[in-house]
Amino acid sequence: MKQFKPNLIKAALISGGVALASTPAFAQEANTDAVDEENLEVIQVSGIRGSLQRAQAIKMDNTSIVEALSAEDIGKLPDTSIAESIARLPGLAGERRNGRTSGLSVRGFNENYVGTTLNGRELLGMGDNRGVEFDLYPTEIVSNILVYKTPEAGLMTQGIGGTVDIQTVSPLSAQKTVAINGSYEKNQEDSGNPDFDNNGHRLSFNYVDQFADDKIGVALAIADMESPRQAQHFRGWGYANANPANAAEGVEVPEGTVILGGHDSFTRSAMLERTSIAGVIEYAPSDNLKVQFDALYIDFEENDVRRGVEEGGAEWGTGAYTITGVEDGLVTSGYYDGFLSVIRNDSRQQKAELTTFGLNVEYVINDNWTATLDVSTGEVDKTITDIESYSGVGRAGIDGRPLTPRAWTMTSTGAVYSDHPSLDSVDLGDPNSIYLAGPQAWGGSLTPVERFQGVEGFGPDTAQDGFVNEPIFDESLDAIRLDLEGFVEWGIFTKLTAGVNYQEREKTKDNNGAYLTAPTWPDQELVPNPIGTADLSFIGIDGVIAYDGLGLYQSGYYIETPAELFENGRFGDSYTIKEDILTAFAKLDIETEIGDVLVFGNLGLQVVNVDQTGSGFNTTTGPTGFTAVTPISDGDSYTDVLPTLNLSFEIAENQFIRTALGKVISRPRMDDMRPNNTVSFTFNDQQIISSDIANGPWSASSGNARLKPLEANQFDIAYENYFADSGYFAVSFFYKDLTNWHVAGQTVGDFSDSYIEGFHQTSGQTDINGDGVLDANDIVPPATFNGVVSFREDGLEGFVRGWELQGSLPFDMIHESLEGFGMFASATFLDGQLDNGDAVPGLSEETYSLTAFYESNGFEFRISGTKRDAFATETRAISLSLAQIQDLGVKQVDAQIGYDFDESGIEALKGLRVTLQGQNLTDEPTIQANPGDGRQITQYETYGRNFLLGFNYTF
38 MKQFKPNLIK AALISGGVAL ASTPAFAQEA NTDAVDEENL EVIQVSGIRG
88 SLQRAQAIKM DNTSIVEALS AEDIGKLPDT SIAESIARLP GLAGERRNGR
138 TSGLSVRGFN ENYVGTTLNG RELLGMGDNR GVEFDLYPTE IVSNILVYKT
188 PEAGLMTQGI GGTVDIQTVS PLSAQKTVAI NGSYEKNQED SGNPDFDNNG
238 HRLSFNYVDQ FADDKIGVAL AIADMESPRQ AQHFRGWGYA NANPANAAEG
288 VEVPEGTVIL GGHDSFTRSA MLERTSIAGV IEYAPSDNLK VQFDALYIDF
338 EENDVRRGVE EGGAEWGTGA YTITGVEDGL VTSGYYDGFL SVIRNDSRQQ
388 KAELTTFGLN VEYVINDNWT ATLDVSTGEV DKTITDIESY SGVGRAGIDG
438 RPLTPRAWTM TSTGAVYSDH PSLDSVDLGD PNSIYLAGPQ AWGGSLTPVE
488 RFQGVEGFGP DTAQDGFVNE PIFDESLDAI RLDLEGFVEW GIFTKLTAGV
538 NYQEREKTKD NNGAYLTAPT WPDQELVPNP IGTADLSFIG IDGVIAYDGL
588 GLYQSGYYIE TPAELFENGR FGDSYTIKED ILTAFAKLDI ETEIGDVLVF
638 GNLGLQVVNV DQTGSGFNTT TGPTGFTAVT PISDGDSYTD VLPTLNLSFE
688 IAENQFIRTA LGKVISRPRM DDMRPNNTVS FTFNDQQIIS SDIANGPWSA
738 SSGNARLKPL EANQFDIAYE NYFADSGYFA VSFFYKDLTN WHVAGQTVGD
788 FSDSYIEGFH QTSGQTDING DGVLDANDIV PPATFNGVVS FREDGLEGFV
838 RGWELQGSLP FDMIHESLEG FGMFASATFL DGQLDNGDAV PGLSEETYSL
888 TAFYESNGFE FRISGTKRDA FATETRAISL SLAQIQDLGV KQVDAQIGYD
938 FDESGIEALK GLRVTLQGQN LTDEPTIQAN PGDGRQITQY ETYGRNFLLG
988 FNYTF
């Protein structure tokens, strides 16, 4: 077997027409001129094995500890999204959101703590913070993906978890290509909503060519996608203490037994539409000058509907219930006599546009020195319109409305409902008895609104028939970088790279929202233009009426009352964050020998100067009951010094020990940096009369525009053995000492200035003085005007450490009859926590990945499985805010079968490749439960299997 030296492999791959990176300044390029052509083996292997060879070559030749992923052919990654592909790399784990792998953790840190770049430049995300939603970036634009697990001074975008660099094709180095990709997508589950289906498509065009005697190269990728998703979702409100007096005869309810307090469950249908255009133009008029311009545009829109029912249950919805089963402290079955069900026809529309441009100029000054200038700009605009539309058997305040009685049984998927043993059920899908009006008096916030006052029998709290959240995000990033690189002869140092990078970043969030009231209030009308029923049979409930709530809102049907008038958190969560970051760096490449051991690597230093400012609002309730707003701004400036060292020792032929030391940082979360102070008052009589500050009615929350970066000192050591061109095994250990993490701080604040006489007081419905009579003496002001102020601050510490095992094995090494078979697998074992006991966001203790494949004579088969343990994450909560939760982890199995007609001998079909892919083949659910008892399900969601029939035709 031929022994593959790292530099020879890389040079061979480039000679074979494979580009390893687009940006000349930041790609680790091979010095092919220095390679003996007699030893150069040109590698032109396509398909899975070609992808593995190219990825292994990149990994071998890098001076840092990295993971690499290479497209099988130009514009075709091994999976249908970037997220799915890189989630299988060692030390990485994907997070499924709404049935689609979107989030990503690197070494136990989620995407908010991972730097992401496109051709070496920081990439804007389309989310609420810095994290990139990887499933929104088309695979068609990608040539390679490199994950840096250890830092180096030349990486301008760092993260405590690592850095993910997405690399597009280099048209002057790549083969001429004209390719069309297409697929038909279908979800196994029929749509539970009548206005959505379960079919989708993907179509893309890739073009690469060279002109003007190979002085100009052009690459273009255009991709269009419609991808459906279906979901069946149970969500428990929580678990209340059960009343033993409600036990059926012969049923014992021990003290401390808990019972499901209610649920809001729905059937979800979604369609993601994405159009992407990516282009690269390279111009090399001489050996001394290379100019590259690249651009990326993504137009993204996702529409989904969530139709179902929201119902209070035992304790939290009604006290009229009967317990029929108890097991180990949990009520497992029972029935309740009724609740006025709220039918939900909710919709969410997300629209986003990303545009980014980059210009890179590389000039060779002389044989030893090269200068590079890189300029880039990017912008993201995103709007989320999330509407809640309520309907039911009649408006709150109307007498004689029928209650919905139910029986229920707790299962491993949550609650399953059935008919009450003695009371008649209510048909929630009947268009002749369901009204577009809120059946519950949940509109207490509308009390100050004059138009809803003075109607006998119908207070302002009956006027909420829906709600809309509509946050708008705008983000921009401009950067300029100048590098100087040259060969030196300074002992063990062979190359110097030094430069400066300046970037300006700005992100704005305008957190809009409105209460929605049907124009018939205080009267009611039947739901206009019903379109059928939504299927809830998965929880034992017949269908509920379906209508287009988003369409009603967009048509102007509802009366809108802006939420910022009296929701203090609206302005409190609206902000602008600006960052000016100047980074100077220097890196020395190391190449020497210790005895017979080749040693190479780099020693570097970054000096990062940051000037950050935030603008936001202080909010409290004013004398009229409406929000009083005061603009505020704050910020800070500081400097971080980040040393790095990466060393590789070739202890034997193609066997390496790698080690690294460094200080790494992640910029603070942007929603934590908003300067604000949002005052809240809880209208609970017991809290109002309490003199205990911790249990009093006053509270406030604030961000912190002075937050410093999250910081860690990192150590790595790894052993890598490359025993074949696509075969290796490696083991690595790392330790991250978290020296600064952000934590929720608390202090005591004086709320005297926020007190409004006659407004901040008890209700008069509690016997405050104990005289047995409810009168004016029971209306009293707060016992204290002090309260707890929560904020974010620096100073928390912790650690994360872990082992990573990985390997790739071509089975023909076992026996020649197994030619074409192979596998690659990895296992990651992590341990870590923050000193206050909190979990590190994204950390799973164990993660496994395995892919087995066969590829020969045009036939291809691949099956992949991943498994990750529970981890801390976040989900959207009230007002689309992000709430911390625990995901119980996931298993996922995908498979693909295909045939490449290049091997068929049929000339007319040459260039055609067909594939059939199956995703989530075991239909794994997403489960969330209360800590300590996995039976107390708070969320259970299934998505069904997904299938894609595709083709790739290369001219």
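Under the numbering used here, think of the first position of the sequence shown as 38, with each following residue one higher. All C-beta atoms, glycine included, are put in the ideal place defined by N, C-alpha and C.
Just to confirm my understanding: we take residue i, look at its own chain, exclude 5 residues before and 5 after, and list those with CB closer than 6 angstroms. What are they?
i	result
Lys947	Asp939
Thr153	Leu160, Val169 and Val201
Thr676	Asn646
Tyr990	Ile217, Gly948 and Leu949
Met262	Arg239 and Arg311
Gln956	Asp931 and Asn983
Report the partner residues of residue i according to the DSSP bridge assignment.
i	result
Glu263	His238 and Glu310
Thr445	Per the sequence shown, residue 445 should be read as Trp rather than Thr. Answer is Gly371 and Tyr454.
Met860	Leu846 and Ala889
His1018	The question about residue 1018 has no answer, for the chain in this structure spans 38 to 992.
Lys532	Phe524 and Asp626
Thr991	Ala216
Ile582	Thr570
Glu978	His270 and Thr963
Quick one: what's got a C-beta closer than 8 angstroms to residue i's C-beta in the same chain, skipping five residues either side?
i	result
Trp558	Arg432, Ala474, Phe489, Phe495, Thr499, Ala500, Asp502 and Ile596
Closest to residue i by CA distance: which of the options is it?
i	options	result
Gly84	Lys700, Phe898, Val644 and Thr392	Phe898
Gln643	Pro322, Gly869, Thr696 and Pro188	Pro188
Ala249	Leu209, Ala279, Asn283 and Thr803	Leu209
Phe908	Leu106, Leu880, Ser306 and Ser886	Leu880
Ile380	Pro705, Gln225 and Gly580	Gly580
Gly354	Asp708, Ile964, Gly606 and Ala279	Ala279
Ser574	Thr484, Asp456, Arg706 and Asn549	Asp456
Thr484	Pro497, Asn340, Glu286 and Glu493	Pro497
Gly536	Gly632, Gly593 and Thr409	Thr409
Ile730	Lys745, Asn806 and Val825	Val825
Asn777	Phe836, Asp815, Glu425 and Ala742	Phe836
Glu856	Leu871, Tyr891 and Ala665	Tyr891
Tyr612	Phe394, Asn714 and Asn750	Asn714
Thr963	Ile793, Leu925 and Gln956	Leu925
Ala130	Phe171, Val701 and Met97	Phe171
Would you mind stating whether residue i and residue j have Cβ atoms separated by less than 8 angstroms?
i	j	result
Ile627	Leu679	no
Thr304	Gln269	yes
Thr570	Ile582	yes
Ser302	Arg272	yes
Gly733	Ser739	no
Tyr539	Leu602	no
Gly140	Glu148	yes
Ala211	Thr681	no
Val951	Phe984	no
Pro847	Ser763	yes
Ser674	Asp633	no
How far does the beta strand (DSSP E) with residue i in it reach, from first residue to last?
i	result
Tyr675	Thr664 to Ala689
Lys388	Val379 to Val401
Phe718	Asn714 to Phe718
Ala130	Leu129 to Arg134
Leu183	Asn181 to Tyr185
Asp411	Trp406 to Ser428
Ile816	Ile816 -> no beta strand (DSSP E), and no H or E assigned at all.
Lys773	Gly764 to Asp787
Arg899	Phe896 to Arg905
Can you find a C-beta in chain D that's less than 8 angstroms from the C-beta of residue i?
i	result
Lys546	Note that chain D does not occur in the displayed structure, where there is just one protein chain.
Excluding the 5 residues preceding and the 5 following residue i in the sequence, name in chain order all residues of the same chain whose CB lies nearer than 7 angstroms to its CB.
i	result
Asn549	Glu507, Pro508 and Ile509
Gly480	Pro497, Asp498, Thr499, Ala500, Gln501 and Tyr552
Asn873	Val780 and Leu833
Leu183	Ile95, Val103, Ala105, Asp202 and Gln204
Following the continuous alpha helix (DSSP H) through residue i, name the residue where it begins and the one where it ends.
i	result
Asp804	Segment: none, Asp804 is in no alpha helix (DSSP H) and carries neither H nor E.
Asn605	Asn605 to Gly609
Gln724	Asp722 to Ile725
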